[in-house]
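Student: Pasting in a structure now, in structure tokens, and then I'll have a few things to ask.
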Amino acid sequence: MDPLEIMAMSTRQLSPTLISHEIGSDVEVIIYHLIKMLQPDYEKVVVISFNDAYYSVVKYLRAVYPDVDATLKNVVLVSINPLVEESMNPDLILRTSDPEIIGGRIRAAFSGMSNVLYIVLGLDIYGVRRTRDLPVMIPAITKTLSLGGNNGILMAFNVKLFPENIVELVNSFSLSVFRLSVKVEGESLKRVLTVVRSPFLEYNLKSWSYMVTKGGLIFTPEKEPY
0 MDPLEIMAMS TRQLSPTLIS HEIGSDVEVI IYHLIKMLQP DYEKVVVISF
50 NDAYYSVVKY LRAVYPDVDA TLKNVVLVSI NPLVEESMNP DLILRTSDPE
100 IIGGRIRAAF SGMSNVLYIV LGLDIYGVRR TRDLPVMIPA ITKTLSLGGN
150 NGILMAFNVK LFPENIVELV NSFSLSVFRL SVKVEGESLK RVLTVVRSPF
200 LEYNLKSWSY MVTKGGLIFT PEKEPY
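Reading the sequence shown from the start, the letters are residues 0 to 225 in numbering that gives the first Met the number 0.
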């Protein structure tokens, strides 16, 4: 399996799945290809977007791939404290930052739904503003979305914005973890995907460098240190 297939299979079998990333890793492209791979396996795709995160992702993807709108046309959008994202006509808008209210409203809207793929975006933006609420918000989201049968949960989180204790907190609520990083090699940069934790033990702690192209993603296995 290539790493994208590992991520997709892990999301199916062992959610929540966390994609930890940093600026320059093109996490938007990874998420997009995962949605394309996973969408046929689920009855519905629901995006939970904090602070216009989904709007930013779609705007970037439209500049890269011409089929974005067709791929995402049936997405159910939950916007939490949106500004520009209101132009996308969200299916549900929540204007609060209280983690218990957000968790309760999401529970009321989706509790018991099965075979749904949930994409959680912008949780890091929320956390920058309300770090003290992250220990409540993360389980409020993940436990609520896990209530139905056969649901997949995919979360993206920029780990460079937070100290190590917050990163470990986020990791602790995730059953599958993948890391996207940007490394310096001489005078150039390269993007690297690492399988940190997954149900596929033979791939854990393995890494691939990757390139983003108009035709998709190209992965190259990283040499393992001896």
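Here a beta-carbon is modelled for each residue, glycine too, at the ideal position from N, C-alpha and C.
Assuming Glu184 is part of the beta strand (DSSP E), what are its boundary residues?
Tutor: Glu184 -> beta strand (DSSP E) spans Ser175 to Glu184.
Student: Report back the beta-carbon spacing between Phe161 and Gly121 to the nearest angstrom; my notes put them in contact at under 8 angstroms.
Tutor: The pair is not a contact, with the Cβ atoms about 14 angstroms apart (cut-off 8 angstroms).
Student: If Ser48 sits next to Leu76, beta carbons under 8 angstroms apart, how far is it from one beta carbon to the other, in whole angstroms?
Tutor: With 8 angstroms as the limit, Ser48 and Leu76 qualify as a contact, their Cβ atoms being about 7 angstroms apart.
Student: Going by alpha carbons, who is nearest to Ile165 out of Met136, Thr219, Pro81 and Pro65?
Tutor: Ranking the options by Cα distance to Ile165, first place goes to Met136.
Student: Suppose the cutoff is 8 angstroms on Cβ atoms and the five residues either side in sequence are ignored; what does the same chain contact list for Gln60 look like?
Tutor: Note on identity: in this sequence residue 60 is Leu, with Gln being the wrong assignment. Result list for Leu60: Glu27, Val28, Tyr31 and Val67, in chain order.
Student: Assuming Leu17 contacts Phe156 (C-beta within less than 8 angstroms), just tell me the rounded distance between them.
Tutor: That belief holds up - the Cβ atoms of Leu17 and Phe156 are roughly 6 angstroms apart, short of 8 angstroms.
Student: Once you ignore the five residues that flank Leu82 on each side, which residues in its own chain have a CB closer than 7 angstroms to its CB?
Tutor: Counting only Cβ-Cβ distances below 7 angstroms, and skipping sequence neighbours, we find Asp51.
Student: For Arg190, report the span of its alpha helix (DSSP H) as first-last.
Tutor: Unbroken run through Arg190 is the beta strand (DSSP E), Ser187 to Arg196; no alpha helix (DSSP H).
Student: Compute the beta-carbon to beta-carbon distance between Thr70 and Lys35, rounded to the nearest angstrom, for a pair I have assumed lies under 8 angstroms.
Tutor: Correct: roughly 6 angstroms between the Cβ atoms.
Student: Is Met87 helix, strand or coil when you go by DSSP?
Tutor: Helix at Met87.
Student: Excluding five sequence neighbours on each side, which residues of the same chain lie with their C-beta closer than 6 angstroms to the C-beta of Met112?
Tutor: Answer for Met112: Gly147, listed in chain order.
Student: Given this structure, state the Cα-to-Cα distance separating Leu13 from Gly151, to the nearest angstrom.
Tutor: So the two alpha carbons sit approximately 8 angstroms from each other.
Student: When the Cα atoms are used, what is the spatial distance from Leu116 to Arg94?
Tutor: When rounded, the distance between both Cα atoms is 23 angstroms.
Student: In the DSSP assignment, what residue or residues form a beta bridge with Val44?
Tutor: For Val44, which the question treats as bridged, DSSP gives the partners Leu116.
Student: Using a Cβ distance threshold of 8 angstroms, determine whether the region 184–191 contacts the region 200–212, with at least three qualifying pairs required.
Tutor: Judged by Cβ distances under 8 angstroms, the region 184–191 makes contact with the region 200–212, as three or more pairs qualify.
Student: Count the other CB atoms, across all protein chains shown, that sit within 10 Å of the CB of Pro220; report buried if there are 16 or more and exposed otherwise.
Tutor: The residue is exposed, with fewer than 16 neighbouring Cβ atoms inside 10 Å.
Student: To the nearest angstrom, how far is it from the Cα of Ala108 to the Cα of Thr141?
Tutor: Between Ala108 and Thr141, the C-alpha separation is close to 14 angstroms.
Student: Scan the region 138–169 and note each continuous beta strand (DSSP E) run of 3 residues or more that stays entirely inside, going in chain order.
Tutor: With a minimum length of 3 residues, the continuous beta strand (DSSP E) runs that stay inside the region 138–169 are 151–157.
Student: If you check the beta carbons only, do Ile79 and Tyr202 fall under 7 angstroms apart?
Tutor: No.
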